[in-house]
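To start, the structure itself, in structure tokens.
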Amino acid sequence: MKRLRPHMPRCALVAVLLATGATAGARMDLTTLPNKDRSELTIYNSQDLTLGRETRTLSFRKGTNQIQFSWANTQIDPTSLQLDLKGTKGLTLLDSSYPKGTNEVIVWTIEAEAETSAAVEITYFVCGLTWSSNYVLVANKDETTFDARQFTRVTNNSGEDFEKAHVRVVVGDVNLVQRLADIIAEWNARFPSRASGGSAIGSALLGRRDLGLLQDEAKASRDKDANPRKANEAGLELSEAKQIFKQAVSEYRVFAVEGEEELQNGWSKALPNPQLSQIPFDLSYELDSRRYGPQVLKFYKLQNDAKHKLGTEVFPEGNYYVYRADDRGGNAFEGTAWHKYVPQGEKIELNLGNDGLVVVEDRELARQRSAFAFDPDGNRIGWDETVTRQFDVKNSRERAVPFRFTYYPGGNDFRVADGNDARFLPPEQNRVADVTASEPTHTQVDRQTVRWELTLPAQSTTPIKLTYVLHYGTNAKAN
Numbered sequence: 000m001k002r003l004r005p006h007m008p009r010c011a012l013v014a015v016l017l018a019t020g021a022t023a024g025a026r027m028d029l030t031t032l033p034n035k036d037r038s039e040l041t042i043y044n045s046q047d048l049t050l051g052r053e054t055r056t057l058s059f060r061k062g063t064n065q066i067q068f069s070w071a072n073t074q075i076d077p078t079s080l081q082l083d084l085k086g087t088k089g090l091t092l093l094d095s096s097y098p099k100g101t102n103e104v105i106v107w108t109i110e111a112e113a114e115t116s117a118a119v120e121i122t123y124f125v126c127g128l129t130w131s132s133n134y135v136l137v138a139n140k141d142e143t144t145f146d147a148r149q150f151t152r153v154t155n156n157s158g159e160d161f162e163k164a165h166v167r168v169v170v171g172d173v174n175l176v177q178r179l180a181d182i183i184a185e186w187n188a189r190f191p192s193r194a195s196g197g198s199a200i201g202s203a204l205l206g207r208r209d210l211g212l213l214q215d216e217a218k219a220s221r222d223k224d225a226n227p228r229k230a231n232e233a234g235l236e237l238s239e240a241k242q243i244f245k246q247a248v249s250e251y252r253v254f255a256v257e258g259e260e261e262l263q264n265g266w267s268k269a270l271p272n273p274q275l276s277q278i279p280f281d282l283s284y285e286l287d288s289r290r291y292g293p294q295v296l297k298f299y300k301l302q303n304d305a306k307h308k309l310g311t312e313v314f315p316e317g318n319y320y321v322y323r324a325d326d327r328g329g330n331a332f333e334g335t336a337w338h339k340y341v342p343q344g345e346k347i348e349l350n351l352g353n354d355g356l357v358v359v360e361d362r363e364l365a366r367q368r369s370a371f372a373f374d375p376d377g378n379r380i381g382w383d384e385t386v387t388r389q390f391d392v393k394n395s396r397e398r399a400v401p402f403r404f405t406y407y408p409g410g411n412d413f414r415v416a417d418g419n420d421a422r423f424l425p426p427e428q429n430r431v432a433d434v435t436a437s438e439p440t441h442t443q444v445d446r447q448t449v450r451w452e453l454t455l456p457a458q459s460t461t462p463i464k465l466t467y468v469l470h471y472g473t474n475a476k477a478n
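So the sequence shown is numbered by numbering that gives the first Met the number 0: it starts at 0 and just counts up by one.
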């Protein structure tokens, strides 16, 4: 056989061996293969597994024809390989074989009733293709709405180059895929001779059951592309931005990226969604030392629902890069936040960190001990402490902002000094707090948690005054 021409891709090469007839000993000629008409990739991130499908138009001579497929230097799973003649009349797939002494090659034998051309599909599983989602948000100056765009980043380390690729990515764990390793192990255990010879599991157990179902799911997503959206809410035509359609399949979702992509091995490519415009959200500043530490943090909050001009799609987990329009007509970077997968109807809370525009200064105004308790030997075993504190909340912004302040009077560490003896009280004697007075209005969530929710006027200082009682030792136990 002739060597393939050097310009052919180094991975997953397919060649056609055309027989002059079905008679024994007929000469076989190796010819180079036409380029792919179409590639389809359905990427299952949870299992590092991709369902690959490629279409090529081949010419057949009357009689016996052979198609040779090599997966050398790629991460294609040979046990999953299938050839589909697409129901072309006059073509029959006779068998699949693995030539002796030839590594990483499968040969399909096809009988043609007459000379013809037909499109065939080759389907397989391949590893090394991964995807991730990133989001770019640009808020208006007042931080009441933002424009957003999602980018699906696809990385190809499979060893294969994909031309004219239609990409689909799957969100969620797929039980079907999780069982593939067990299925292949079962097949190899039952038929060790076939396993060692590389027999195609795709034409047997896997082909009848799991691969066929995954192909049906990919087709369902493909059919969705028959009616692509003509424009999005911002008026962007499909010529200006790639469309990502999202379709529910079973308990997971398929994202189909509109258009064809060239995905070269070793490269990554970001595929953008159309822009979502003027999405309303709530700005919030929060201080909660147990959840976030000692600093005031800034949040963008909204819900994946119709009220926020969303709710028809889900959002995969990913990083959110947030900007805000400034006075000079540009954008100022506000921060980065990672968020988990967001189903329809669920909340989105983006923690953008501390921007220094809202700060809290804490002062202790008074502390007094009372209600002492002693054991029979005169040792002090319980007491109360009445504490008064003031928190000065400074808002340096030019607009009023909401503020949520959660405070824990009892703290997390209950160290008590008794004369020169510093010791820790046992857990059942940890101190707890009773709030007796506070300004402005507060909510006592429990006996160790107090919360305020208020609006801070622009460029102002708002005092919050709090008086509470801490119970120590046996007093804590009694309370």
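Here a beta-carbon is modelled for each residue, glycine too, at the ideal position from N, C-alpha and C.
Are the CB atoms of residue j and residue i within a distance shorter than 8 Å?
i           : j           : result
residue 132 : residue 74  : no
residue 55  : residue 85  : no
residue 89  : residue 63  : no
residue 274 : residue 146 : yes
residue 259 : residue 164 : yes
residue 349 : residue 322 : no
residue 460 : residue 385 : no
residue 343 : residue 407 : no
residue 82  : residue 121 : yes
residue 462 : residue 451 : no
residue 333 : residue 356 : no
residue 471 : residue 382 : yes
residue 97  : residue 51  : no
Quick check on DSSP: helix, strand or coil for residue i?
i           : result
residue 440 : coil
residue 201 : Low per-residue confidence applies at residue 201: pLDDT is 35, beneath 50, and the placement is therefore not dependable, though the value from the model is reported in the following sentence. Reduced to three states, the DSSP call for residue 201 is helix.
residue 44  : helix
residue 291 : helix
residue 85  : coil
residue 238 : Its pLDDT being 37, under 50, residue 238 is placed unreliably by the model, and the measurement read from it follows with that caveat. Correct three-state label for residue 238: coil.
residue 305 : helix
residue 164 : strand
residue 343 : coil
residue 458 : coil
residue 71  : coil
residue 395 : coil
residue 324 : strand
residue 253 : strand
residue 375 : coil
residue 480 : Only positions 0 to 478 of the chain appear in this structure, which leaves residue 480 out of reach.
residue 389 : strand
residue 330 : strand
residue 39  : strand
residue 158 : coil
residue 354 : coil
residue 424 : At residue 424 the pLDDT is 45, less than 50, meaning the model places this residue with poor confidence; the figure from the coordinates comes in the next sentence. Coil at residue 424, not helix or strand.
residue 489 : Because the chain here runs from 0 to 478, residue 489 falls outside it and cannot be looked at.
residue 316 : coil
residue 77  : strand
residue 97  : coil
residue 311 : coil
Can you check DSSP and say which residues form a bridge with residue i?
i           : result
residue 382 : 471
residue 146 : 137
residue 268 : 153
residue 58  : 116
residue 359 : 392
residue 401 : 454
Residue i: which of the options sits nearest, CA to CA?
i           : options           : result
residue 159 : 136, 120, 43, 266 : 266
residue 40  : 82, 110, 125, 57  : 125
residue 93  : 72, 166, 109, 269 : 109
residue 161 : 451, 49, 113, 289 : 49
residue 278 : 366, 299, 325     : 299
residue 269 : 79, 154, 335      : 154
residue 38  : 65, 257, 138      : 257
residue 65  : 52, 100, 106      : 106
residue 70  : 60, 87, 52, 104   : 104
Counting contacts by CB-CB distance shorter than 8 Å, is residue i in contact with chain C?
i           : result
residue 374 : You won't find chain C in this structure, because it holds only one protein chain.
With hydrogens ignored, establish whether the beta-carbon of residue i is closer than 7 Å to any heavy atom of the ligand NAD.
i           : result
residue 151 : Of the ligands one can find in the structure shown there are none, so the ligand NAD has no counterpart to examine.
So is residue i buried or exposed if we call it buried at 16+ other beta carbons inside 10 Å?
i           : result
residue 102 : exposed
residue 309 : buried
residue 128 : buried
residue 312 : buried
residue 364 : exposed
residue 44  : buried
residue 142 : buried
residue 315 : buried
residue 397 : exposed
residue 436 : exposed
residue 474 : buried
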